[in-house]
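J.: Each residue of the sequence shown is one higher than the last, beginning at 856 in the working numbering.
Structure below; questions to follow.
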Amino acid sequence: MRLENKIALVTGGGQGIGKEIAKTLALNGAFVLINYIDLGNNQEIAQMTKNEIESLGGKCEILPANVASYDETLEMFKTIKNEYGRLDILINNAGIQRRHKCEEFPLSDWEAVLQVNLNTVFMLCQLAGNVMLKQGHGKIINLASMLSFFGGYTVPAYAASKGAVAQLTKALANEWANKNINVNAIAPGYMNTEMNVNLVNDTNRNQEILNRIPAGRWGTPNDMKGLAIFLSSSASNYINGAIIPVDGGYLSR
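Okay, here's the thing in structure tokens:
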């Protein structure tokens, strides 16, 4: 499952799940492009991730772009093609969350979540797909969710976006599997990351979640590494359109 000479793009790769995936791809031989949105201290965070990867012997570069913007994303892909000539692996990791009761959910938040979590994913898949179709191979890994399978509470936009990501993954696989492009999705379970800090800190909700996880703990970004490297490598060449949970058994209970 080594990835020597592969070029990989990880959106939102500076921290959390994206960081661990970027790191494991790099340490397995890939040259990793870490995308980040150039706001606040994100550049500093991405640079720290780059430094960590390089200190461990990996190779990477950071690419600023707001992937919710078509123009910025298009420019990022032009940079990738001009400087690296190809793209072998795309990890669609970037995502956002908004929480409100359904009857109070602002349309502006609905549109923001769908833009980043769904529209952007399609746009990136399409841009990467055009590169991969020309070069004759590629791996696309989308980040789905437990909410690709059920609805959740106070997160209708996130649930809608992640349900759609699962279906988009299947639709792309139907068209591209016979062209040597594998499109699959990883569905993280309840992960102890920045996005879920409110759930982790809610004593009652935290315990409800733990009670349903057979593994008896929340997941961590480190738990994502094995599946990410497998789906990025030639070991997964006959896996197409799969939505694979990494959830400690949550869906089985």
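We treat Cβ as the ideally placed atom computed from N, Cα and C, and that holds for glycine.
1. Between the alpha carbons of residue 925 and residue 899, how many angstroms are there, rounded?
2. Can you list the alpha helix (DSSP H) stretches of 4 or more residues lying completely in the stretch 860–891, in chain order?
3. Terminal residues of the continuous alpha helix (DSSP H) containing residue 1064?
4. Report, in whole angstroms, the separation of the C-beta atoms of residue 948 and residue 873, which I expect to be a contact under 8 Å.
5. Out of 1092, 964, 916, 911, point me to the one whose CA is closest to residue 1033's CA.
6. Can you tell which of 1089, 966, 1098, 1020 has its C-alpha closest to the C-alpha of residue 980?
7. Using CA coordinates, which residue listed in 1015, 999, 998 is at the minimum distance from residue 1006?
8. In terms of residue numbering, what span does the alpha helix (DSSP H) encompassing residue 922 cover?
9. I'd like to know whether the C-beta atoms of residue 1017 and residue 1028 end up nearer to each other than 8 Å.
10. Where DSSP assigns a beta bridge to residue 915, which residues make up the other side?
11. Counting C-beta neighbours from all protein chains within 10 Å, is the total for residue 1040 16 or more, i.e. buried, or is it exposed?
12. Could you tell me the alpha carbon to alpha carbon distance between residue 1036 and residue 1043, rounded to whole angstroms?
13. Thinking residue 1085 and residue 1012 are a contact (beta carbons under 8 Å), I'd like their distance in whole angstroms, please.
14. Out of 957, 950, 931, 928, point me to the one whose CA is closest to residue 871's CA.
15. Mind checking whether residue 901 and residue 876 have CB atoms under 8 Å apart?
16. Excluding five sequence neighbours on each side, which residues of the same chain lie with their C-beta closer than 8 Å to the C-beta of residue 1002?
17. I need the straight-line Cα distance from residue 1024 to residue 1097, nearest angstrom please.
18. If I follow the unbroken alpha helix (DSSP H) through residue 997, where does it start and stop?
19. What is the rounded straight-line gap between the Cα of residue 1047 and the Cα of residue 939?
20. Taking C-alpha atoms, which residue in 1045, 982, 1070, 1069 lies nearest to residue 1060?
21. With respect to the beta strand (DSSP E) encompassing residue 1101, which residues constitute its N-terminal and C-terminal limits?
22. Excluding the 5 residues preceding and the 5 following residue 882 in the sequence, name in chain order all residues of the same chain whose CB lies nearer than 8 Å to its CB.
23. Quick one: what's residue 1040 bridged to in DSSP?
T.: Taking the definition as stated:
1. 24 Å
2. 871–882
3. 1058–1067
4. 4 Å
5. 1092
6. 1020
7. 1015
8. Taken as a continuous stretch (DSSP letters only), residue 922 belongs to no alpha helix (DSSP H), as it is neither H nor E.
9. no
10. 887
11. Counting Cβ neighbours within 10 Å, residue 1040 comes out buried, since at least 16 surround it.
12. Residue 1036 and residue 1043 have their C-alpha atoms roughly 22 Å apart.
13. No, residue 1085 and residue 1012 are not in contact; Cβ-Cβ is about 30 Å, not under 8 Å.
14. 950
15. no
16. 1010, 1013, 1014, 1017, 1018
17. 8 Å
18. For residue 997, no alpha helix (DSSP H) encloses it; the enclosing beta strand (DSSP E) starts and ends at 993–998.
19. 34 Å
20. Residue 1045 is the option with its Cα nearest to residue 1060.
21. Taken as a continuous stretch (DSSP letters only), the beta strand (DSSP E) holding residue 1101 covers 1098–1101.
22. 908, 911, 912, 913
23. 997, 1098
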